[in-house]
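So the sequence shown is residues 1 to 117, counted in this note's numbering.
Note that the Cβ used here is the ideal one computed from N, Cα and C, for glycine as well.
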Amino acid sequence: MREEEIKRKRTEARLQELIPEALATMNDSRINSLTVTEVVCSRGRYDAKVYLDKSFLSEQEQREALRQLKVVSKYLSNYIRSSEGWFKAPKFTFEFDNQLEKISHIEELFKKIAKEK
């Protein structure tokens, strides 16, 4: 791993800790309990894609949460800059994580294959 990659991974790990902390300080019940599953930063760390757990949310609640997260993204940037002492924070893009659904689907397929043997 190169030094740039190490810095990016360190930034991603720190953001994964700070974003839920910042969301928990808000009074909006739609977003203050969201769980961050992963953060992926761009090469220059100017953009960060934040993946959220959607386990207990309906489709409409997911849309409302994404809409509200767009509104509060500036607050998140300010919170992260002030808590870490960074000069700038990445621009955030929020998405709900589909990995858990994919993993459970693959596990179901393996169970079917095992039954057929």
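Just to confirm the assignment, what range does the beta strand (DSSP E) spanning residue i have?
{"i": "A48", "result": "47 to 52"}
{"i": "T37", "result": "36 to 41"}
Can you tell me where the alpha helix (DSSP H) holding residue i begins and where it ends?
{"i": "T25", "result": "Element bounds for T25: n/a, residue is neither H nor E."}
{"i": "I31", "result": "Unbroken run through I31: none, as it is neither H nor E."}
{"i": "K117", "result": "Unbroken run through K117: none, as it is neither H nor E."}
Let me know the secondary structure DSSP gives residue i once reduced to three states.
{"i": "F87", "result": "coil"}
{"i": "F56", "result": "coil"}
Rounded C-beta distance between residue i and residue j? I'm assuming under 8 Å.
{"i": "L52", "j": "T35", "result": "7 Å"}
{"i": "F92", "j": "V50", "result": "6 Å"}
Between the Cα of residue i and the Cα atoms of the options, which residue gives the shortest distance?
{"i": "E64", "options": "T93, R30, Y79", "result": "R30"}
{"i": "A89", "options": "L18, M1, E4", "result": "L18"}
{"i": "S104", "options": "K117, E5, S55", "result": "S55"}
{"i": "T11", "options": "F96, E95, N98, E84", "result": "E84"}
So, is the C-beta of residue i closer than 7 Å to a C-beta in chain D?
{"i": "R67", "result": "Absence of chain D from the displayed structure is noted, only one protein chain being present."}
Return yes when the C-beta of residue i is under 6 Å from any heavy atom of the ligand SAH, and no when it is not.
{"i": "M26", "result": "Because no ligand of any kind appears in the structure shown, any question about the ligand SAH cannot be addressed here."}
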